[in-house]
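>
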Amino acid sequence: MTVYLENETEYVFPFPAQELAEQVVLAVLDLENCPYETQVNMLVTDGEGIRSYNRRYRGIDAETDVLSFPGISFEREADFSVVEESAADYFDPDTGELILGDIVLSAPRVFEQAEKYGHSVRREFAFLTAHSMFHLCGYDHETQQEAARMEEKQERILTALGITREKGQTGERET
């Protein structure tokens with residue numbers, strides 16, 4: 262598994278961002294029983310950067326916290342068998358890794374939302390990474406049922422990584 266993380270901002274995270282991203286990505290892939298070595302591209306940008314991506318690719322002229330650009334059109338969530346039919350379209354020819362997709366994360370939003378929700382910047386970064394990873398695995402939250410399913414999976418990942426909601430433990434969220 263390879264996570265290419267680029268931080269094009271001046272924001273400095275109070276934890277090793279590359280390491281945490283890799284932990285979250287691996288935890289999601291394990292939970293979803295991904296049978297392949299994968300590649301995920303992750304860009305940390307500023308408010309204007311993510312607004313530009315949102316405008317260009319979604320037609321929404323507004324900042325957001327995270328954007329997901331899946332490399333696979335799943336017919337069913339996390340059904341990785343879809344890539345077998347067109348392997349040349351989905352795998353990096355140099356590494357053999359499945360190109361899962363791209364994540365664009367807003368650094369200012371990570372810090373703002375951590376403050377807003379009363380938890381650590383680490384938790385917010387991990388939460389948004391997990392959220393985006395589930396999108397890259399074919400999940401969505403258009404209905405209440407889909408949203409509840411994604412939320413349960415995100416919480417399962419954070420709990421497994423020991424990133425809990427207990428107040429006082431580096432100010433984690435209490436929701």
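Residue numbering for the sequence shown follows this note's numbering, starting at 262 and increasing by one per position. Cβ coordinates follow ideal geometry from the N, Cα and C atoms, glycine included. Keep in mind the model is a prediction, meaning the values are calculated, not measured.
Looking at the secondary structure, which residues open and close the beta strand (DSSP E) in which Leu-359 lies?
359-367
> Within the chosen definition, does the stretch 266-280 reach the stretch 329-338 through at least 3 CB pairs nearer than 8 Å?
no
> Under the assumption that Val-327 contacts Glu-269 (Cβ atoms under 8 Å), give the Cβ distance between them as a whole number of angstroms.
Not quite, the Cβ-Cβ distance comes to about 15 Å (not below 8 Å), so this is no contact.
> Rounded to whole angstroms, what's the CA-CA distance from Ile-321 to Arg-337? Just pull it up for me.
The straight-line gap from Cα to Cα measures roughly 27 Å.
> Which parts of the stretch 319-403 are runs of the beta strand (DSSP E), unbroken and 3 residues or longer, counting only runs that do not cross its ends?
327-331, 359-367
> Quick check on the DSSP output: the alpha helix (DSSP H) that includes Thr-420 runs from which residue to which?
405-421
> Tell me whether Ala-278 is buried or exposed, calling it buried when 16 or more other Cβ atoms sit within 10 Å of its Cβ.
Buried, since its Cβ has 16 or more Cβ neighbours within 10 Å.
> Rounded to whole angstroms, how far is the Cβ of Leu-281 from the Cβ of Ile-418, which I believe are closer than 8 Å?
About 12 Å separates the Cβ atoms of Leu-281 and Ile-418, ruling out a contact at the 8 Å cut-off.
> Hey, quick one: how far does the beta strand (DSSP E) through Glu-267 stretch, first residue to last?
263-268
> So, helix, strand or coil for Ile-424, using DSSP?
Three-state DSSP puts Ile-424 in coil, outside helix and strand.
> What are the start and end residues of the alpha helix (DSSP H) that includes Val-289?
278-292
> Have a look at Phe-386 and Glu-346 and give me their C-alpha separation to the nearest angstrom.
34 Å
> Looking at the secondary structure, which residues open and close the beta strand (DSSP E) in which Val-305 lies?
Run containing Val-305: 299-306, per the beta strand (DSSP E) assignment.
> Going by alpha carbons, who is nearest to Ala-288 out of Glu-373, Val-382, Ser-393, Thr-325?
Ser-393
> Our contact map puts Leu-359 next to Tyr-297 with C-beta atoms below 8 Å; I'd like the distance itself, whole angstroms only.
4 Å
> State the Cα-Cα distance for the pair Gly-379 and Leu-366, rounded to the nearest angstrom.
19 Å
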